[in-house]
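All the letters of the sequence shown, read from the start, carry residue numbers 5 to 655 under my numbering.
Take a look at the structure set out below.
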Amino acid sequence: MATDTLKSKPGAQGGATGGLRRLLLDNGALTALIVLVIAMSALSGDFLTADNLLNVGVQAAVTAILAFGVTFVIVSAGIDLSVGSVAALSATVLAWSATEAGIPVALAVVLAVVTGIACGLVNGFLVSYGKLPPFIATLAMLSVARGLSLVISQGSPIAFPDSVSHLGDTLGGWLPVPVLVMAVMGLLTAFVLGRTYIGRSMYAIGGNEEAARLSGLRVKRQKLAIYAFSGLFAAAAGIVLASRLASAQPQAAQGYELDAIAAVVIGGASLAGGTGKASGTLIGALILAVLRNGLNLLSVSAFWQQVVIGVVIALAVLFDTVRRKAGATAPAAGASGDGKGKQALTYVIAAVVAVAVVGATSLLHSGSSAAAKPKIGLSLSTLNNPFFVQIRDGAEEEARKLGVDLTVTDAQNDASQQANQLQNFTSGSLSAVVVNPVDSDAAGPSVRGANKADIPVVAVDRGVNKADTSALVASDNVEGGALGAKALAEKLGGKGTIVILQGQAGTSASRERGAGFAEGLQDYPRIKVVAKQPADFDRTKGLDVMTNLLQAHPDIDGVFAENDEMALGAIKALGPKAGKSVQVVGFDGTPDGLKAVEAGTLYASVAQQPSELGRIAVRNALRAADGEKVEKMVKVPVKVVTQENVAGFEG
Numbered sequence: 005m006a007t008d009t010l011k012s013k014p015g016a017q018g019g020a021t022g023g024l025r026r027l028l029l030d031n032g033a034l035t036a037l038i039v040l041v042i043a044m045s046a047l048s049g050d051f052l053t054a055d056n057l058l059n060v061g062v063q064a065a066v067t068a069i070l071a072f073g074v075t076f077v078i079v080s081a082g083i084d085l086s087v088g089s090v091a092a093l094s095a096t097v098l099a100w101s102a103t104e105a106g107i108p109v110a111l112a113v114v115l116a117v118v119t120g121i122a123c124g125l126v127n128g129f130l131v132s133y134g135k136l137p138p139f140i141a142t143l144a145m146l147s148v149a150r151g152l153s154l155v156i157s158q159g160s161p162i163a164f165p166d167s168v169s170h171l172g173d174t175l176g177g178w179l180p181v182p183v184l185v186m187a188v189m190g191l192l193t194a195f196v197l198g199r200t201y202i203g204r205s206m207y208a209i210g211g212n213e214e215a216a217r218l219s220g221l222r223v224k225r226q227k228l229a230i231y232a233f234s235g236l237f238a239a240a241a242g243i244v245l246a247s248r249l250a251s252a253q254p255q256a257a258q259g260y261e262l263d264a265i266a267a268v269v270i271g272g273a274s275l276a277g278g279t280g281k282a283s284g285t286l287i288g289a290l291i292l293a294v295l296r297n298g299l300n301l302l303s304v305s306a307f308w309q310q311v312v313i314g315v316v317i318a319l320a321v322l323f324d325t326v327r328r329k330a331g332a333t334a335p336a337a338g339a340s341g342d343g344k345g346k347q348a349l350t351y352v353i354a355a356v357v358a359v360a361v362v363g364a365t366s367l368l369h370s371g372s373s374a375a376a377k378p379k380i381g382l383s384l385s386t387l388n389n390p391f392f393v394q395i396r397d398g399a400e401e402e403a404r405k406l407g408v409d410l411t412v413t414d415a416q417n418d419a420s421q422q423a424n425q426l427q428n429f430t431s432g433s434l435s436a437v438v439v440n441p442v443d444s445d446a447a448g449p450s451v452r453g454a455n456k457a458d459i460p461v462v463a464v465d466r467g468v469n470k471a472d473t474s475a476l477v478a479s480d481n482v483e484g485g486a487l488g489a490k491a492l493a494e495k496l497g498g499k500g501t502i503v504i505l506q507g508q509a510g511t512s513a514s515r516e517r518g519a520g521f522a523e524g525l526q527d528y529p530r531i532k533v534v535a536k537q538p539a540d541f542d543r544t545k546g547l548d549v550m551t552n553l554l555q556a557h558p559d560i561d562g563v564f565a566e567n568d569e570m571a572l573g574a575i576k577a578l579g580p581k582a583g584k585s586v587q588v589v590g591f592d593g594t595p596d597g598l599k600a601v602e603a604g605t606l607y608a609s610v611a612q613q614p615s616e617l618g619r620i621a622v623r624n625a626l627r628a629a630d631g632e633k634v635e636k637m638v639k640v641p642v643k644v645v646t647q648e649n650v651a652g653f654e655g
């Protein structure tokens, strides 16, 4: 009855009005995308430009390709949580094979694709023959694939072959290759779902698995193929992502499985199975990309961005639920020619309205381009660390003093997310960009994009490889590591056993600090390192890792942590031993770290004065934007802070 009632309304209300209402109900995701585009165009004059719209396409590409593969699984009433890790593993296999192993690039690409398919087949086998719930099977693969990626790469990014890196470039200088790959994979998904036996099997299995089995479908074999498809698409996404970053990052695509699932569900698929289509998945991926891009351009806090995206996902799914309950359905396949004509007219009306509104907002922005204060973008690797929070605070303080409009983004230690943010800065009306790279190699392609747009870039704390920066404002991490080794060794009298808490695998800061510490320790051969374990620059992980290490090495004499957060976690694990029988040295000179130094539980912290780094970076960025000459290398001295000098130290 609900369906009949709904279908009778268009005639009563008039063709155009009723048809538009029906279009909105039957295409909830498309409606949401149109509304978002109109809203972002109205709120930001930088949104509706050719360069920025291409940025949106590039930023949606990896999520969309992953989501196309996940669509197969969700349509068949399954779930795949491993696609992000499988993408990272496939890219790592390609890069390692083509560089370290010396395998021809073409064969390395095939090996990467086979790796993705193999992971999918394992998932399918565990689900079909092992009788594991898809959630558990793919969660296990998430961990295994990520671990193998770290093992193969030894935790460090691997440069991508130049011949494959062209997948991250553009054709004709304007059409991004990732967008073309996304389109091809989308067409392949639509073909498989709509025109093949296995596609029809997916819908049958998702609608009622037992009925599908009784109808003669070999459900177990079909599930093997379905998860293999998901692995194939994950491999393709990993190759495209690594091509954009010019390197295979072992920690890449973390959390992307959630974005992929969200894109599929926003696009109208049901987690209960039986429904879903490629076009809906593409629209879902575009909605997520438009949201992130627009919120960046609007200078919305990185923390609030997560809140907004979560709310929009919930609203999109809620709207779809309401639509289904209201009985809104797509026109029947056998609809009359008159019905098809009305539907076509409705689409034309919707398109005209959207274009008119967007055009009006564009004219509004173009007419209000009065002179404003300079704009500078600051992309930080993370704001989940006091050191980088201090860089932000110093930068904001200097921006206020100089009358600069500063936009701050948080990459959350994700090199691909930072690449998106830098692209958004480049397409916006910014005077200069300050970047604290997640990884020096991965930031290169995006900074080269800013170079082409004649936007000066200043790097802070870490440099950018294979790109031009107006200045690098940094402390010397290698020198700091060496100073930390010297301070700890001298406190121990030149002998003893120590453990090292390493930072996040693959980050340049962890590599450089670790290398400096190892170099400095060479002067003290009687000091033995009995264990090294990563704790990801995190205090809680530092506590857990140190607790575990104490079980195997209860009599250690010292600890070197590659940042103060891990050092504070180690102090908690050591309890009364900290500062007495066990000496701990940290790195960064954060406020909590300095308090621990003052209390005597932390022997020393290699302090970098992060607030000063932020202030100097903004100052140099403004000078570069004004065409003034700036020093290529600006060194902010590091200092070992102990109880003796902590009182007079300012970070």
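We put the CB at the ideal spot given by N, CA and C, even for glycine.
Cβ distance (whole Å) where residue i is taken to contact residue j below 8 Å
i, j, result
"I459", "T430", "6 Å"
"A399", "V438", "7 Å"
"P180", "L58", "6 Å"
"P254", "S153", "4 Å"
"V74", "S234", "6 Å"
Same chain, Cβ closer than 7 Å to residue i, neighbours up to 5 away in sequence not counted
i, result
"F72", "M189, G190, T193, F237, A282 and T285"
"I575", "A582, V588, A600, T605 and L606"
"Q258", "G88 and D418"
"I620", "V477, V638 and V640"
"R150", "S89 and A92"
Coarse secondary structure for residue i, derived from DSSP in three states
i, result
"I620", "helix"
"Q587", "strand"
"G134", "coil"
"L382", "strand"
"P161", "coil"
"L410", "strand"
"D592", "strand"
"T646", "coil"
"A289", "helix"
"S251", "strand"
"S474", "coil"
"S372", "Any reading at S372 must be qualified, since the residue scores a pLDDT of 46, below 50, and its modelled position is unreliable; the value itself is stated next. DSSP places S372 in coil when its eight states are reduced to three."
"V464", "strand"
"S80", "coil"
Contact set for residue i: own chain, Cβ-Cβ below 8 Å, skip 5 residues either direction
i, result
"Q587", "L492, K495, L496, D561, G562, V563 and Y607"
"H557", "T501, V503, V534 and A535"
Distance, residue j Cα to residue i Cα
i, j, result
"L611", "P580", "Note on identity: in this sequence residue 611 is Ala, with Leu being the wrong assignment. Looking at the two C-alpha atoms, the distance is approximately 24 Å."
"P441", "F541", "16 Å"
"T605", "Q508", "24 Å"
"A92", "K584", "43 Å"
"A603", "V185", "57 Å"
"V451", "R217", "54 Å"
"A46", "L40", "10 Å"
"G453", "S303", "20 Å"
"I162", "I156", "10 Å"
"P449", "V326", "44 Å"
"A403", "V622", "7 Å"
"D678", "I313", "The question about residue 678 has no answer here: the residues shown for the chain are numbered 5 through 655."
"A68", "G485", "41 Å"
"S167", "I243", "12 Å"
"I121", "S420", "23 Å"
"Q613", "N469", "24 Å"
"T333", "G32", "A caution first: T333 carries a pLDDT of 47, below 50, which makes its placement in the model unreliable, though a value can still be read off. Looking at the two C-alpha atoms, the distance is approximately 11 Å."
"G203", "F76", "8 Å"
"G177", "K456", "11 Å"
"L136", "S86", "15 Å"
"G210", "Q226", "12 Å"
Contact test: residue i Cβ vs the ligand FMN heavy atom, cutoff 7 Å
i, result
"Y201", "This structure lacks the ligand FMN, and indeed carries no ligand of any kind."
Close-in-space but distant-in-sequence residues of the same chain around residue i (CB under 6 Å, 5 per side omitted)
i, result
"L553", "V503 and A535"
"G546", "L505, A539, M570, G573 and A574"
"A99", "I162, F164 and A252"
"G381", "T411, F429, L434 and V437"
"R543", "E569, L572 and G573"
"K490", "G524"
Interface flag, residue i vs chain D, CB-CB below 8 Å
i, result
"T544", "No chain D is part of this structure, which consists of one protein chain only."
Can you list, in chain order, the stretches of the alpha helix (DSSP H) that have 4 or more residues and sit fully within the stretch 479 to 559?
Listed in chain order, the complete alpha helix (DSSP H) runs (minimum 4 residues) inside the stretch 479 to 559 are 481 to 495, 512 to 525 and 543 to 556.
Give the list of continuous beta strand (DSSP E) stretches no shorter than 3 residues that lie fully inside the stretch 421 to 455.
As for any beta strand (DSSP E) of minimum length 3 sitting wholly inside the stretch 421 to 455, the runs are 436 to 439, ordered along the chain.
Fully enclosed by the stretch 164 to 215, which alpha helix (DSSP H) runs are 4 residues long or longer?
Fully contained in the stretch 164 to 215 are the following alpha helix (DSSP H) runs of length 4 or more, in chain order: 166 to 169, 181 to 199 and 201 to 211.
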